[in-house]
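**Q** Pasting a structure below so you can have a look.
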Amino acid sequence: MNNETEKDLDKINNELSEAQADEQSDQYLTFFMAGEEFGVDILAVQEIRGWEPITAIPNSPSQVLGFTNLRGTVAPIIDLRHCFGVESASYESSSVVIIMSVQSEKSEKIMGIVVDAVSDVYNFSKSNIQPSPELTQTKQAQYVKGLGSTKDKMVILLELTEQLIAESDVVADRQLSAG
Amino acid sequence: MSVDLSQFHQVFFEESYEGLDVMESALLNIDISEIDDETINEIFRAAHSIKGGSGTFGFKDIAEFTHVVETLLDLIRSDQFEMKADHVDLFLKSVDCIRTMINQLESGVSCDMEVADELKAAFNRLLDGEDAANGGSNQVDLNKTDESQDNQSNAEGWQIYFKPELDILRTGNDPVRMFRELSELGELSVIAVTDDIPSISDIDPEACYMAWNLTLFGSATEEQVNEVFEWVVDESELVITPLILQRDSIEEDQDTSASEDDAVSEHKTTIIPDDKDETVDKEVADEQQSPTKKIVAKKEVKTESASIRVGTDKIDDLINMVGELVITQSMLEELGKEFTIENLPKLMEGLAQLSMHTRELQENVMRIRMLPISFAFSRFPRLVHDMSKNLNKKVELELLGEQTELDKTVMERIGDPLVHLVRNSLDHGLELPEQRLAAGKDEMGKITLNAFHQGGNIIIQIIDDGAGLNKEKILSKAIDNGLVSASDHLSDDQINDLIFLPGFSTAEAVTDISGRGVGMDVVRRNIQELNGSVEVESTEGEGSVFTIRLPLTLAILDGQLISVGEQVYIFPLVSIVESIQTHDQMIHRVSGGCDVLRLRNEYIPIVKLWDVFNIKPKHETVEDGLLVIVEGDNIKIAVLVDDLLGQQQVVIKSIRENYRPVHGVSGATILGNGTVSLILDISGLIKLAGVGRDTYKKVSDTNDTEAA
């Protein structure tokens, strides 16, 4: 990773902590993936990291890329593109990993999601968020909380669940990808 | 004084538990025919310090109860009371009772006094019985007991007779002030007794000739009343007796305690939804009397005890080692400042020192968590004592290797499975005295608990000299349950192993056959969760041996790093039998696609790691790679890997914490270069590759997968 992206990450991480300090309104961190802008609840975001090599998990569902070392904690990295049925991209140093805590049945699990780029932090009040009925049939529907609108654009707001690491029928074929 | 005593509560609880353990084991050691003074003293001392401690911390219920126990012990000690066998049981029950009360205090539930009151009444009867011998009828005694029992908790008020000494006023104590204080505790009526006042010519104006009869209504405790007179009690005549107004209140009290009881049991079921724990607990609880039942329930509520007692010598060692480490570090830093190539040998030396110190430090830190297994064994004398009585069996319990050290976490979690196995041996393994005599054995059955270290593992054996497993019945039961088919040929070991299958643990299976099988699958699963294994060997008519094998610690593992393609995996070193390079003649292809390695007349199935893990290897064929022969669940497999890398100790990280269990992988670790590496689970690999011993094995596979 070059110095500039590192600086950018620092800046965003700073903004992130500032935003987290101010809890009065619902804030969302937005990021880009395949040209679309998505948002996640900023309180669930732990940190933003650059892309690092990961360790493949044997017979994992194809959206789970592998494990990474998060300062001594082992956390899975999820390919959100795959979850949303978007065409997969190759990952390189410019990819960004958002480390999030995801509520699971018993506890919170820490996992990372790979996105193209982090964008901004927006405030959305409840009235600004609309449900998205037309999405209910698609693969990503289970993660979509609603659509948030700002003055000039629309953000897809996500609520990530443990479903991200659930067993799927498709098992990653790493014999092809890892070679 | 405003010292916050609550910070010492935990210490008190722990000390009390220790004291109770001392009492319990001493009680079990008592030889009724010849009572040893020292043993009684030991019990007395333990009871006394519990009483003292609970008094200090204001745990009135425990202090009062222990006081009664202590009083009787004191009489025994001074030979005024003769101890009999059923008294030992009474004391044991009271130990249980105190333990329950402390447990309840610890988890913040108010004490349930029902059992305590019952026992207290029994003790008081004994104490009064002693009085009765000195003259007094039985009837009176009973009333007395009732009364004194009521004293403790149900008084509606107090009748106080207070007659100070003449010079009380000279010491600055003013009765009026005391009465005012009393009146704050409740409604007070004061009647002065003026009988002793002399004629006016004889009066010393500074003396106090009066006495008072005070009646205090309200809920004040005896302690509070005593406190008022605290400064004058030595210089005056003070008689405090409780007022009993109506009996209704007592019943009311009992009602509340009963409903509390309900709450407790409700608590239990909600707290542990985990069914396997519950099964074990339930079975343990069902067999024992209610006080023990509550203990079991409470234990679940209590978080695993947070502190550990460590000997100062261990701490001193640590401090020494950290000192060494700091010295080495500063030496290396010095070297690094102006490093020239001439200093290279020095650097190497420093690094070697560093690694030595680190390893020593690590070992010592691990040792802090190690406790002798006697902590887990200590409960068994009591368990065997109680159960053998219930079952009318004569049993001798032998404990061996009590000083074998084991990680605290492992110890805490092995307790229940051990209880289960010992209970099984007692219940189903050992025969009744008549049967034993008929079979030509000693009437007294024997159960041995043995613990020892063996190559990085701790082995715990439960040995009984009972009837052994009845193979035919096990087999027919298994066939009935569809676990095996009648045409299968099973070895003796395989038949014995059947008792660990989940389908075998139904209630009928237990009672109908004289074999075993009560929740044995739960035992095995609990032990497997600790990365351990359990096996049974049995000779019909001679007894059975259950062998539990556990890792010394759950945190660190000696690993062998191997590579497949670009991935690095870790085999637990203990599971590796050998590693070999193969040639064609050694490999046999069996129909169905499974290759078998022939090694010294043994056929070992080959598992290709790249195949089961679905990754791309450097070498696909067996000839080009290396075979690592590993053993798990008594099955050997030869795992094909690309390369053997180094050996190192790895710190085990959970993958369940943020992910979920992965088949064939027991955990992960972080390598020196910061990447994550997966630790392989041999029995998981065997299942994943589907090379189990026999068809019956597969039944357990599917079940295990579901459980995981």
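Line order of the protein sequences matches chains L and P.
Take any residue in the first sequence, count from 1 to its spot, add 723: that is its number in this note's numbering.
Take any residue in the second sequence, count from 1 to its spot, add 11: that is its number in this note's numbering.
Ideal Cβ positions, reconstructed from N, Cα and C, are used throughout, including at glycine.
When you compare the CB positions of D569(P) and V652(P), do they come within less than 9 Å of one another, or not?
**A** Cβ distance not < 9 Å, so D569(P) and V652(P) don't count as in contact.
**Q** Let me know if V333(P) comes out buried or exposed under the rule of 16 or more other beta-carbons within 10 Å of its beta-carbon.
**A** It counts as exposed.
**Q** Quick one: grab the DSSP three-state call for S665(P).
**A** The answer is coil: DSSP assigns S665(P) none of H, G, I, E or B.
**Q** Would you decide whether H464(P) is buried or exposed? Buried here means 16 or more other CB atoms lie within 10 Å of its CB.
**A** H464(P) should be labelled exposed.
**Q** Give a yes or no on whether the minimum CB-CB distance between E315(P) and chain L is below 9 Å.
**A** Annotation note: pLDDT 45 at E315(P) (below 50); position unreliable, coordinate value reported separately. False, the Cβ-Cβ gap to chain L never drops below 9 Å.
**Q** Taking contact to mean 3 or more Cβ pairs, one atom from each stretch, closer than 8 Å, check whether the segment 656 to 672 of chain P and the segment 611 to 624 of chain P are in contact.
**A** Short answer: they don't touch.
**Q** At least one CB of chain L closer than 9 Å to the CB of A679(P): is that the case?
**A** Taking Cβ atoms only, chain L reaches closer than 9 Å to A679(P), which makes this a yes.
**Q** Apart from the five residues on each side of it in sequence, which residues of its chain come closer than 7 Å, Cβ to Cβ, to A144(P)?
**A** Annotation note: pLDDT 42 at A144(P) (below 50); position unreliable, no value reported.
**Q** Let me check understanding here. Comparing Cα to Cα, which of E49(P), R136(P) and N224(P) lies closest to F173(P)?
**A** Checked all of E49(P), R136(P) and N224(P); the closest Cα to F173(P) is N224(P).
**Q** Would you mind telling me which residues of chain L sit closer than 9 Å to Q660(P), beta carbon to beta carbon, in chain order?
**A** Correct list: empty, because the minimum Cβ distance to chain L is about 16 Å.
**Q** Tell me which residues share the same chain as N52(P) and place their Cβ nearer than 8 Å to its Cβ, disregarding the 5 neighbours each side in the sequence.
**A** Result list for N52(P): R88, in chain order.
**Q** Tell me whether Q828(L) is buried or exposed, calling it buried when 16 or more other Cβ atoms sit within 10 Å of its Cβ.
**A** In the sequence on display, residue 828(L) carries Glu and not Gln. Under this definition E828(L) is an exposed residue.
**Q** Secondary structure at V376(P), three-state DSSP: helix, strand or coil?
**A** The answer is helix: DSSP assigns V376(P) an H, G or I state.
**Q** Determine which residues share a DSSP beta bridge with N792(L) and list them.
**A** Beta-bridge pairing links N792(L) to V797(L).
**Q** May I ask which residues mark the beginning and end of the alpha helix (DSSP H) holding I621(P)?
**A** The residue you asked about is not Ile; residue 621(P) is Trp in the sequence shown. Here the alpha helix (DSSP H) through W621(P) covers L620 to F624.
**Q** Are the C-beta of T884(L) and some C-beta of chain P separated by less than 9 Å?
**A** T884(L) does not count as touching chain P.
**Q** Candidates I690(P), T205(P), Y220(P) and L227(P): which alpha carbon is nearest E198(P)'s?
**A** The shortest C-alpha separation from E198(P) is found at L227(P).
**Q** Leaving out five residues on either side along the sequence, give the residues of the same chain with a beta carbon under 8 Å from the beta carbon of R424(P).
**A** Excluding residues within five positions, the ones whose Cβ falls inside 8 Å are N537, E540 and L541.
**Q** Counting only Cβ pairs nearer than 8 Å, list the residues of chain P close to V797(L).
**A** Those within 8 Å of V797(L) in chain P are K664, S665, I666, E668, N669, Y670, A679, I681 and V687.
**Q** Given that a residue counts as buried once 16 or more other Cβ atoms are within 10 Å of its Cβ, and exposed if not, what is S677(P)?
**A** Classification for S677(P): buried.
**Q** To the nearest angstrom, report how far apart L509(P) and T459(P) are at their CA atoms.
**A** Each residue's alpha carbon lies about 23 Å from the other.
**Q** So, does the CB of H674(P) fall closer than 9 Å to a CB anywhere in chain L?
**A** So, interface residue.
**Q** To the nearest angstrom, report how far apart L637(P) and V787(L) are at their CA atoms.
**A** Cα to Cα, L637(P) sits roughly 29 Å from V787(L).
**Q** For E271(P), would you say it is in contact with chain L, using Cβ-to-Cβ distances shorter than 9 Å as the test?
**A** Annotation note: pLDDT 44 at E271(P) (below 50); position unreliable, coordinate value reported separately. Chain L contact via Cβ: absent.
**Q** In terms of alpha-carbon separation, which member of T778(L), P784(L), I888(L) and Y845(L) lies closest to E577(P)?
**A** Nearest C-alpha to E577(P): T778(L).
**Q** Along chain L, in chain order, which residues have C-beta atoms closer than 9 Å to that of Q446(P)?
**A** Here the premise fails: no neighbours, minimum Cβ distance about 48 Å.
**Q** Would you call the segment 371 to 385 of chain P in contact with the segment 14 to 23 of chain P, where contact means no fewer than 3 C-beta pairs closer than 8 Å?
**A** At 8 Å Cβ cutoff, the stretches do not touch.
**Q** Decide if T884(L) is buried, meaning its Cβ has at least 16 other Cβ atoms within 10 Å, or exposed.
**A** Exposed, since its Cβ has fewer than 16 Cβ neighbours within 10 Å.
**Q** Given a cut-off of 9 Å, decide if L394(P) and A462(P) are closer than it, judged by their beta-carbon atoms.
**A** Going by C-beta atoms, A462(P) is not nearer than 9 Å to L394(P).
**Q** Whole-angstrom Cβ separation of K868(L) and L880(L), contact assumed at under 8 Å?
**A** About 5 Å separates the two Cβ atoms, so the contact holds.
**Q** Looking at F70(P): is its Cβ nearer than 9 Å to the Cβ of K131(P)?
**A** It is not a contact, given that the beta carbons lie outside the stated cut-off.
**Q** Put G871(L) into one of helix, strand or coil per three-state DSSP.
**A** Strand.
**Q** Could you tell me which whole alpha helix (DSSP H) segments of length 4 or greater appear in the segment 543 to 569 of chain P?
**A** Correct list: empty.
**Q** Determine the extent of the beta strand (DSSP E) in which K832(L) is found, giving its start and end residues.
**A** Unbroken beta strand (DSSP E) run through K832(L): E831 to V838.
**Q** Closest by CA to V641(P), which one among L441(P), F582(P), F240(P) and L448(P)?
**A** It is F582(P).
**Q** I'd like to check one pair, A649(P) with V673(P): are the Cβ atoms closer than 9 Å?
**A** Against a cut-off of 9 Å, the Cβ pair of A649(P) and V673(P) comes out as no contact.
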